[in-house]
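Heads up, the thing below is written out as structure tokens.
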Amino acid sequence: MASSSTTVFATVVGLALLLFVGSGSAQLNTNFYSKSCPKLFETIYPVVQAAVRREARMGASLLRLFFHDCFVNGCDGSILLDDTSSFTGEKNANPNRNSARGFDVIDSIKSAVEKACPGTVSCADVLAVTARDSTVLLGGPSWNVKLGRRDARTASQSAANNGIPPPTSNLTRLVSRFNALGLSARDLVALSGSHTVGQARCTSFRARIYNERNTLDASLARTRQSNCPSRSGSGDNNLAPLDAQSPTTFDNSYFGNLVSRRGLLHSDQQLFSGGSTDSIVRSYSGSQGAFRSDFVSGMVKMGDISPLTGSQGEIRRNCRRPN
Ligand code: HEM
Ligand SMILES: *[C@@H]1O[C@H](CO)[C@@H](O)[C@H](O)[C@H]1NC(C)=O
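Below is the structure:
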């Protein structure tokens, strides 16, 4: 009797423990708002579509916001917070200052979502769905987005400076940063394929186009030099496409560029520079399907990075400030 009730007790405790340990990212699921906000996807998509029609690059900028959110204390909407008197946020951190954009579009999306389902959907989840819709609108793959993230109440500039790898990174550094967040070298290469769209500032690629002649196609170097002066401080914000072939189309031409030494960023070319990821780059350059399918799994894994769930954090009403 005593031993059978002990067994039952142990089983209950065991199950409770399993549920507890299994929480965190396991709580995210694709149906999270199916009852509380059934029209969520139909609410978000047209706002993203209008923004991308107005300016195709905005699709790239919105996709990047999700990366910069997830790599800094997890996907918790922290990148969207403006600086306050009690904290200096991420918007003015090195990887974001004069670079991250699309915050006003996120505001419009959030307003539409608040109108449909007040106080229900987190800014972190808005970013996740927006990144997917942006990818689709530029011609990339679609996927079911896991939801249920909650929003941070604070943000950290230093966490952003340390968490997002700079474009001067070598392959070792890129792989180790991705590994630290549960992402593989394959995820690194597939997700870097986002650089098939969007623009970079001169300051992000200047050192490469003047100093890396051995690993950079000479004709691309000349073209880029013509709008990016060698002197630091002049033309710093001049833009160039990350994928010169098709900067507003989500395709696999980025990987073909790498194979022909036409990666714009040092970090891009590191993925094809005689190291362990060369074979992955080659396979994506030869197969749109392999790239698209690995990109989707990489995005889902990236979206699982340390979410706030359950009663953690809050559902921010305005993405720019804590409630
Ligand atoms: C692997 C490490 C990565 C590095 C070092 C890196 C670095 C950069 C840099 C330096 C820029 C140009 C910023 C500027 O000059 O203003 C950029 C742009 C961009 N990045 Fe990355 N990135 C990385 C990974 C990713 C990932 C994982 C994604 C998305 C999943 C992404 C999406 C983008 C997009 C879409 C743009 C263009 C944004 C625009 O036009 O507004 N990047 N990245
Ligand atoms: C890669 O970069 C890190 C610092 O970011 C440096 O410590 C390391 O020596 C570099 N590795 C190689 C192989 O150059």
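With mature numbering (1 follows the signal peptide of the UniProt record, and there is no 0) as the guide, the letters of the sequence shown map in order to residues -26 to -1, 1 to 297. Glycine included, C-beta positions come from ideal geometry on N, C-alpha and C.
Among the bridge pairs identified by DSSP, residue 173 is matched with 215.
Residue 147 has its CB nearer than 7 Å to a heavy atom of ligand 2.
The beta carbon of residue 232 sits closer than 8 Å to the beta carbons of 242, 243, 245, 246, 255 and 259 from its chain, once the five residues preceding and following it are set aside; these are given in chain order.
Exposure of residue 28 is indicated by the presence of fewer than 16 other C-beta atoms within 10 angstroms of its C-beta.
In terms of Cβ geometry, residue 33 and residue 171 form a close pair [threshold 8 Å].
Assignment of residue 282 by DSSP, reduced to helix, strand and coil, places it in the strand class. The beta-carbon distance between residue 130 and residue 22, rounded to whole angstroms, is 28 Å. This is too long to meet the 8 Å contact definition.
For residue 230, the enclosing alpha helix (DSSP H) starts and ends at 227 to 233. For residue 288, the secondary structure class from DSSP, reduced to helix, strand or coil, is strand. Residue range 192 to 199 is occupied by the alpha helix (DSSP H) that includes residue 192.
Remark: the C-beta of residue 115 is outside contact range of ligand 1, defined as less than 7 Å to any heavy atom.
A direct Cα-Cα distance of roughly 14 Å separates residue 279 from residue 126.
Using a 10 angstroms sphere on the CB of residue 16, the tally of other CB atoms stays under 16, which defines it as exposed. CA-CA distance, residue 90 to residue 291, rounds to 13 Å. The DSSP-derived three-state label of residue 57 is coil. Bridge partners of residue 125 according to DSSP: 288. Per the DSSP secondary-structure output, residue 71 pairs with nothing in a beta bridge. Closest by C-alpha distance to residue 230, out of 55, 197 and 191, is 191. Residue 194 has its alpha-carbon roughly 7 Å from the corresponding atom of residue 236. As the crow flies, the alpha-carbon of residue 88 is around 18 Å from that of residue 52. Straight-line measurement puts the Cα of residue 50 at about 22 Å from the Cα of residue 148. Rounded to the nearest angstrom, the Cβ distance from residue 159 to residue 10 is 38 Å, too far for a contact under 8 Å. The closest heavy atom of ligand 2 lies 7 Å or more from the beta carbon of residue 153. Residue side-chain check: residue 21 keeps its Cβ at 7 Å or more from all non-hydrogen atoms of ligand 1.
The alpha-carbon of residue 225 is positioned some 11 Å away from that of residue 264.
For residue 135 and residue 69, the gap between their C-alpha atoms comes out near 7 Å.
Between the C-alpha atoms of residue 240 and residue 288 there is a straight-line separation of about 38 Å. With respect to the C-alpha of residue 204, the residue from 189, 85, 177 and 217 having the closest C-alpha is 177. Comparing C-alpha distances from residue 270 to each of 217, 137 and 102 shows the shortest one belongs to 102.
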